[in-house]
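**Q** Per the working numbering, the very first residue in the sequence shown carries number 24; after that it's consecutive. First the structure, then my questions, so here it is.
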Amino acid sequence: MLPTFQPLALTVQDAVAYSGLSRSRLYKLMQTGELPSLQVGGRRMIRRDALDAFFDNLGKAA
24 MLPTFQPLAL TVQDAVAYSG LSRSRLYKLM QTGELPSLQV GGRRMIRRDA
74 LDAFFDNLGK AA
């Protein structure tokens, strides 16, 4: 059995599926700097750990 690998960074489309957030909401979060992202070639990528940290910090801000 081959090990399952989790990608370090997600495309916006993959981040939508992973997070449940809409595409437009993700772009807005990236634009405001609330969610760091990377430009890799022609693709905008979001580090999975940054997305996890975003959700972890949601409850702490209240």
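We put the beta carbon where it would ideally sit given N, CA and C, even for glycine.
For Gln62, does the three-state DSSP call read helix, strand or coil?
**A** Translated into the one-based positions of the sequence shown, residue 62 becomes position 39. Looking at Gln62 - three-state DSSP - the assignment turns out to be strand.
**Q** Please report the Cβ distance between Val39 and Leu49, rounded to the nearest whole angstrom; I am assuming they are in contact, meaning their Cβ atoms lie under 8 angstroms.
**A** Residue mapping note: residue 39 aligns to position 16 of the sequence shown, counting from 1. Residue mapping note: residue 49 aligns to position 26 of the sequence shown, counting from 1. Yes, they are in contact, since the Cβ atoms of Val39 and Leu49 sit about 7 angstroms apart, within 8 angstroms.
**Q** Where does Leu49 fall in DSSP's three states?
**A** Mapped onto the sequence shown, residue 49 falls at position 26. In this structure, Leu49 counts as helix in the three-state DSSP scheme.
**Q** Per DSSP, what are the beta-bridge partners of Ala32 in this structure?
**A** Here residue 32 corresponds to residue number 9 of the sequence shown, with the count starting at 1. Paired residue(s): Arg70.
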